[in-house]
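Position one of the sequence shown corresponds to residue 26 (the numbering used here), numbered consecutively onward.
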Amino acid sequence: MRAQTGQRSRRCLQRRRPLWQRCGSRRSRLSGTFRGPKKRRLSMDEALPGLTPENGDSLVKVEEQDPPWEQTWGSRESSRHAQELCRLRFRQFCYPEAQGPREALSRLRELCRRWLQPETHSKEQIVELLVLEQFLTILPEELQARVREQQPESGDEAVAALEDLEKDTGDPGQQTSVKTEEEATQALVTEQRPPLSQTPGSPHGKSAQEKVPDVCLMAEEVVNEDGLFNAKTETSQEMEHAAEAPGTASRDGMRQPPCTSVPADRTVAHLNTLKDRYPGDLWARMHISSLEYAAGDMTRKGRRKDRARVSELLQGLAFSGDSDVEEDNKLEAHHAQKKLKMSDVPEKNWTKRDIKPNFPSWSVLDSGLLNLKSEKLNPVELFELFFDDEIFNMIVNETNNYASQKNVNLEVTVPEIRCVLGILLLSGFVRRPRRGMYWDISDADQNLVRDAIRRDRFELIFSYLHFADNSHLDQKDKFTKLRPLIKQMNRNFLLYAPLEEYYYFGKTMCECFDSDQFLNGKPLRIGYKIWCGTTTQGYLVWFEPYQEDSAVMVGKDVDLGLGGNLVLHFADVLLERGQYPYHLFFDSFFTSIKLVSALKKKGLRATGTIRENRTEKCPLMNAEHMRKMKKGYFDFRVEENEEIILCRWHGDGIISLCSNAVGIAPARELRCSANEEDVHQGAQPALVKLYGECREGVAKMDQIISKYRVRIRSKKWYSILVSYIIDVAMNNAWQLHRACNPGTTLDLLEFRRYVAHFYLEHNANPSD
26 MRAQTGQRSR
36 RCLQRRRPLW
46 QRCGSRRSRL
56 SGTFRGPKKR
66 RLSMDEALPG
76 LTPENGDSLV
86 KVEEQDPPWE
96 QTWGSRESSR
106 HAQELCRLRF
116 RQFCYPEAQG
126 PREALSRLRE
136 LCRRWLQPET
146 HSKEQIVELL
156 VLEQFLTILP
166 EELQARVREQ
176 QPESGDEAVA
186 ALEDLEKDTG
196 DPGQQTSVKT
206 EEEATQALVT
216 EQRPPLSQTP
226 GSPHGKSAQE
236 KVPDVCLMAE
246 EVVNEDGLFN
256 AKTETSQEME
266 HAAEAPGTAS
276 RDGMRQPPCT
286 SVPADRTVAH
296 LNTLKDRYPG
306 DLWARMHISS
316 LEYAAGDMTR
326 KGRRKDRARV
336 SELLQGLAFS
346 GDSDVEEDNK
356 LEAHHAQKKL
366 KMSDVPEKNW
376 TKRDIKPNFP
386 SWSVLDSGLL
396 NLKSEKLNPV
406 ELFELFFDDE
416 IFNMIVNETN
426 NYASQKNVNL
436 EVTVPEIRCV
446 LGILLLSGFV
456 RRPRRGMYWD
466 ISDADQNLVR
476 DAIRRDRFEL
486 IFSYLHFADN
496 SHLDQKDKFT
506 KLRPLIKQMN
516 RNFLLYAPLE
526 EYYYFGKTMC
536 ECFDSDQFLN
546 GKPLRIGYKI
556 WCGTTTQGYL
566 VWFEPYQEDS
576 AVMVGKDVDL
586 GLGGNLVLHF
596 ADVLLERGQY
606 PYHLFFDSFF
616 TSIKLVSALK
626 KKGLRATGTI
636 RENRTEKCPL
646 MNAEHMRKMK
656 KGYFDFRVEE
666 NEEIILCRWH
676 GDGIISLCSN
686 AVGIAPAREL
696 RCSANEEDVH
706 QGAQPALVKL
716 YGECREGVAK
726 MDQIISKYRV
736 RIRSKKWYSI
746 LVSYIIDVAM
756 NNAWQLHRAC
766 NPGTTLDLLE
776 FRRYVAHFYL
786 EHNANPSD
C-alpha cells in the first residue's frame, strides 16, 4: 500500500514539474545516464583525421568533456557584455544617424535582433529580457547601479538581489552608495575581472596569458560603414592572431587559457584609433558612453547627462598627440554656439493688459470689382474669366498630344471641349443613374445634349482628356498631371478675387472613396484633402491639394511646421496684389505664436484659435478651472516683446485665441431671455466675436459647391479633382455675379443652367 502511495506521489510531482524538466529526466532514464556535465560524441572522422575506413561502417566513439568553468565563464561574460552594448546602442539610436526612414528602421531591426537574439532565445526568454529591462528602469536611481552590478539574467534574480540588499541595510531605499567619477573612469580604462586560476595542462604559463585577447575588448562596440553596431569585426581579427599564439584552443582538442585584462595603455591606444577614425565627438558618444554604462551607470537620468559625462571623461583621459586639444576646442566652440543660439531667442514676458496694435486702418478701394460692375458681364463671361481661352487651348493641345501617343487620331477642337464642359455642368442639376441616359431620354435637356455632340464622340474625348505632357512630368509632384491647370486657375482666381480685408485659411475635402485621406468635422470626410484660402463669403482665392512633399513647400521654415508654412505661402500670394494690411484667420492646426509673429513682420494681421501646447507657458487660467466659472468669463495676457495677445474664453465651451491685431475691447455683453426678462451672462471679447464672424469662409464655399456638384466621372484617378475645379470656378463666378449685381434674383441653379445651355447650344457640330 505504501509503495502504491509513493508511486502516485512521484507521478503527481512529475506532472507538476515543467515540461522541459520532464522531457530531460525521461531522456536521462532512457539513455541510462545521469544529469551531469554535458558530453559530446565525436566520430572517428573528427577524432582521427585520415584514418577513416573506406566503407565508413566502423566508427570509433571518443568522448570529450566540456572545458572547465573558468573558460566558459570568460565566454559567457563576453557574450553578456556584447549583448548589453547591443541593448544600449538600440536604446540610444537617433534618427539623424540614418539617411532616411527606411534605413533608420532597418538599423533598429538589426540592433534589436542582435540584442534579443531571436535565433538563440525563445519567446519566453525574450519576454523575460524586456521585463527585466523595464524592471531595472523603474527602480530608484540609487538602487539601479547596485542591482546591475549583480548582472541579473532574469527578473527573479533581480528581485533576489534587492531582497539581499534589504536584509543588509533594512531599507533598500536608503542605498545611496554610488561610484565616484574616479572609479567610473578607472572602470572605463581598465575593466578589472576576478583573478582566474591557470587552466591545468597548459604548458606555456604566463606568456600564453599575455597573448590571449581580452574578451571585454573583443566585445567592444565597433561601428561599420553603415553605422550599425558590429562587435564581430575586431573579435574575428584578434581571434586570428590568438589562434597563432601558443596556449590557445585549436581543433585538436587543446584548451585555451582563461582571459586576462588588457593594460590601460592598450585601451587608450584603441580609443585613440577610434578617435582618429570618426570626426568630432561622434566616437566618444558611440564608444565611451557605452563603456561608461557598462561600468555600472545605466539610469535614465544618467543617459540625459551623457554628453556632459563624455566631456568629463575626455578631460580625464590622456591621449597621445595634440588631437585632444583640437577636440576640446571643437567641443567648447559647439557649446558656445549653442548658448549663443539660445540667447538669441528672447524670453516671453507676459503681462495682463490689452493689446495695442499699430497696424494701419483698412482703406483700400477695389478697382477691379468696379471695372467688372461697369462691364456688366453675363454668367458665361464671368465663368470664362477663369476658364479662359488659354486654358481651353491648353486642354485641346494636351488631349490631342496624349491621344497621338496612344496612336489615336482624335483631333479634338475647342467647341467640342466646351460641349464636354457643358455636359459636366448639366450633370450637376440634371442627375441620371447612367451616363448614357443623357442621350436616351427625350426631354428638353436630353435633346439639347443629343443635338450638341454624339455619345460615342463624348466618350472618346472624355477618356483622353488630358492637362499635362507626360514626357515632362515631375515625379516628386503627386499632382503633376494637373499642375498646369492648378497653376492657371490659381492665377485667375487671384486676379479677379474681391479685394477684401478679411480672409480665412483652412482645409476642405474633395470627395473620393478610393482615397485613404480622412478629415473629421467636414461633410465630406473621405477624399483628397485640399488646403485653401477664401474670403469670408466663400470666394476661393488659392488652393493646393495635400501631399506629403508639397511643391509649394520649398524653402520652408522648420520651426513653423506644415500648417504655418502653408499660411505664410498664402500670405505671399495675397501680397502679390499689393502691400495691404490683410487680416488672416485660421484654426488651431495652423496657429502658433511664431506664425503670428512672422505674419506681423510681413505687415499682416492674424487671429486664430491655438492649442494648449503652443501657448509657450502663458500663465492663463487652466481650462478645467475655467469650466467652473460662469459663462462669459475670460482670461488674457499680452507678450510685451512682440505685442501678441492670448485670450481664453468660456462660452459654449473653452476656446483659446491668439492675435496680433485685435484684443479684448470693445467687449460685447451676452444676454439671454428667461421668463421674458433679459439676464446678463457675461462678456465676449472683441477677438472672439470677430473670429466667429470670419471663420465661415471655407464652410460657405463647401455649402455652395455641394448643391450642384459634377456627377460624371471617368476612370482616371484625377477626374474627381477636375470636377472639383469646375465646381469651384462656377462658385467664384457666381460670387462675382452677386458682388456686381447686389439686387439680382438669379440664383445659383439658374446661373449654372445658363452656362451649361449656352455651351451646348452655341458649340454644337452641325455635321453631327
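Beta carbons are placed, not taken as given, at the ideal position from N, Cα and C, and that holds for glycine.
Query raised in the report: Should L136 be labelled buried (16 or more other beta-carbon atoms within 10 Å of its own) or exposed?
Result: Taking the first residue of the sequence shown as 1, we reach residue 136 at position 111. Buried, by the Cβ-count rule.
Query raised in the report: How about K627 and A596: are their beta carbons less than 8 Å apart?
Result: Walking along the sequence shown from the start, residue 627 turns up at place 602. Walking along the sequence shown from the start, residue 596 turns up at place 571. Taking 8 Å as the Cβ cut-off, K627 and A596 qualify as a contacting pair.
Query raised in the report: Does the separation of the CB atoms of V794 and A708 fall below 8 Å?
Result: Outside the shown range of the chain (26 to 793) lies residue 794, about which nothing can therefore be said.
Query raised in the report: At what residues does the alpha helix (DSSP H) containing D727 begin and finish?
Result: Translated into the one-based positions of the sequence shown, residue 727 becomes position 702. Per DSSP, D727 belongs to the alpha helix (DSSP H) from 722–732.
Query raised in the report: From what residue to what residue does the alpha helix (DSSP H) around A631 run?
Result: The residue you call residue 631 lines up with position 606 of the sequence shown. No alpha helix (DSSP H) holds A631; the beta strand (DSSP E) holding it covers 630–634.
Requested in this report: Identify, in the order they occur along the chain, each residue of the same chain with its Cβ nearer than 6 Å to the Cβ of S684, setting aside the five sequence neighbours on each side.
Outcome: Working through the sequence shown from its first residue, we reach residue 684 at position 659. Around S684: T632, I670, L712.
Requested in this report: Just mark P404 as buried or exposed, buried being the case when its beta carbon has 16 or more other beta carbons within 10 Å.
Outcome: For the purposes of this step, residue 404 is identified with residue 379 of the sequence shown, where counting begins at 1. P404 is buried by the Cβ-count criterion.
Query raised in the report: How would you label R459, buried or exposed, when you count the other beta carbons within 10 angstroms and need 16 or more for buried?
Result: For this step, residue 459 is matched to residue 434 along the sequence shown. Label assigned to R459: exposed.
Query - Contact between the region 398–412 and the region 743–762 (3+ Cβ pairs under 8 Å) - result: yes
Requested in this report: Output the distance between the C-alpha atoms of L524 and V621, rounded to the nearest integer angstrom.
Outcome: Numbered from 1 along the sequence shown, position 499 holds the residue referred to as residue 524. Numbered from 1 along the sequence shown, position 596 holds the residue referred to as residue 621. Rounded to whole angstroms, L524 to V621 spans 22 Å at the Cα level.
Query raised in the report: Are there 16 or more other CB atoms within 10 angstroms of the CB of R516, so buried, or fewer, so exposed?
Result: Residue mapping note: residue 516 aligns to position 491 of the sequence shown, counting from 1. Counting Cβ neighbours within 10 Å, R516 comes out exposed, since fewer than 16 surround it.
Report task. Please determine if the region 719–730 and the region 441–448 are in contact, where contact requires at least 3 C-beta pairs separated by less than 8 Å. Result -> no
Report task. Assign C20 to buried or exposed, taking buried as 16 or more other Cβ atoms, counted over all protein chains shown, within 10 Å of its Cβ. Result -> Because the chain is modelled from 26 through 793, residue 20 falls outside the range shown and cannot be assessed.
Query raised in the report: Any idea which residues DSSP pairs T162 with across the strands?
Result: Numbered from its first residue, the sequence shown carries residue 162 at position 137. BP columns for T162 are empty, so no partner.
Query raised in the report: Is the beta carbon of Y463 less than 8 Å from the beta carbon of I448?
Result: Translated into positions along the sequence shown, residue 463 becomes position 438. Translated into positions along the sequence shown, residue 448 becomes position 423. Yes, the Cβ-Cβ distance between Y463 and I448 is below 8 Å.
**Report entry** Y564 - containing beta strand (DSSP E), residue span
**Finding:** Working through the sequence shown from its first residue, we reach residue 564 at position 539. Element bounds for Y564: n/a, residue is neither H nor E.
**Report entry** Assumed close pair L609, V592 - CB separation to whole angstroms, cut-off 8 Å
**Finding:** Taking the sequence shown and counting its residues from 1, one reaches residue 609 at position 584. Taking the sequence shown and counting its residues from 1, one reaches residue 592 at position 567. With 8 Å as the limit, L609 and V592 qualify as a contact, their Cβ atoms being about 7 Å apart.
Query raised in the report: Which residues share a DSSP beta bridge with S681?
Result: In the sequence shown, the residue the question calls residue 681 occupies position 656. Answer is R673, bridged to S681.
Query raised in the report: For S744, which option in R378, L785, V663, F504 has the closest C-alpha, if you only look at C-alpha atoms?
Result: For this step, residue 744 is matched to residue 719 along the sequence shown. Ranking the options by Cα distance to S744, first place goes to F504.
Report task. Using 10 angstroms around the beta-carbon of I737, count the other beta-carbons present and answer buried if the total reaches 16, otherwise exposed. Result -> By one-based count along the sequence shown, residue 737 stands at place 712. It counts as buried.
Query - Neighbourhood of R777 by C-beta distance below 7 Å, restricted to the same chain and skipping five residues each side - result: Sequence index remark: in the sequence shown, residue 777 carries index 752 (1-based). Cβ neighbours of R777 beyond the five flanking positions: L450, G453, F454, Y733, M755.
Query raised in the report: Does the Cβ-Cβ distance between L407 and A758 come in under 8 Å?
Result: Position 382 of the sequence shown holds residue 407. Position 733 of the sequence shown holds residue 758. Yes.
Report task. Could you check what DSSP says for L585 in three-state terms: helix, strand or coil? Result -> By 1-based counting over the sequence shown, the position of residue 585 is 560. In this structure, L585 counts as helix in the three-state DSSP scheme.
Query raised in the report: Going by other Cβ atoms of all chains shown within 10 Å of its Cβ, with 16 needed for buried, is S399 buried or exposed?
Result: What you label residue 399 is simply residue 374 of the sequence shown in a count that begins at 1. S399 comes out exposed.
Query raised in the report: Within 10 angstroms of its Cβ, does V172 collect 16 or more other Cβ (buried), or is it exposed?
Result: To locate residue 172, count along the sequence shown from 1; it is residue 147. Buried.
Requested in this report: Please check the pair L795 and V598, which I expect to be a contact at CB under 8 Å, by giving their CB distance rounded to whole angstroms.
Outcome: The structure shown does not extend to residue 795, since the chain is modelled only from 26 to 793, so the question has no answer here.
Query raised in the report: To the nearest angstrom, how far is it from the Cα of N434 to the Cα of N425?
Result: In the sequence shown, residue 434 corresponds to position 409, counting from 1. In the sequence shown, residue 425 corresponds to position 400, counting from 1. Cα-Cα distance, rounded: 8 Å.
Query raised in the report: For the alpha helix (DSSP H) that contains H787, what are its first and last residues?
Result: Along the sequence shown, one-based indexing puts residue 787 at 762. It spans 773–787 - the alpha helix (DSSP H) in which H787 sits, taken as one unbroken run.
Query raised in the report: Which residue comes first and which comes last in the alpha helix (DSSP H) that contains D465?
Result: On the sequence shown, position 440 is the one that residue 465 refers to. It spans 462–465 - the alpha helix (DSSP H) in which D465 sits, taken as one unbroken run.
Requested in this report: Note down, one range per segment and in chain order, each beta strand (DSSP E) of at least 3 residues found wholly within the region 593–639.
Outcome: 608–611, 630–634
Query - The beta strand (DSSP E) enclosing M534, as first and last residue numbers - result: Walking along the sequence shown from the start, residue 534 turns up at place 509. Start and end: 527–536.
Report task. Kindly indicate the opening and closing residues of the alpha helix (DSSP H) around R482. Result -> In the sequence shown, the residue the question calls residue 482 occupies position 457. That run of the alpha helix (DSSP H) goes 480–488.
Query raised in the report: Just reading off the beta strand (DSSP E) that F661 is part of, what are its end residues?
Result: Counted from its first residue, the sequence shown places residue 661 at position 636. Run containing F661: 659–664, per the beta strand (DSSP E) assignment.
Report task. Would you mind sorting K401 into buried or exposed? The rule is 16 or more other CB atoms within 10 Å of its CB. Result -> On the sequence shown, residue 401 is found 376 positions in, with the first residue counted as 1. Answer is exposed; the Cβ neighbour count stays below 16.
Report task. Could you tell me how far apart the beta carbons of Q760 and Q562 are, in whole angstroms, since I believe they sit closer than 8 Å? Result -> In the sequence shown, residue 760 corresponds to position 735, counting from 1. In the sequence shown, residue 562 corresponds to position 537, counting from 1. Right, the Cβ-Cβ distance comes to about 6 Å (below 8 Å), so this counts as a contact.
Query raised in the report: Grouping DSSP H, G and I as helix and E and B as strand, with all else coil, what is T559?
Result: To locate residue 559, count along the sequence shown from 1; it is residue 534. Strand, per DSSP.
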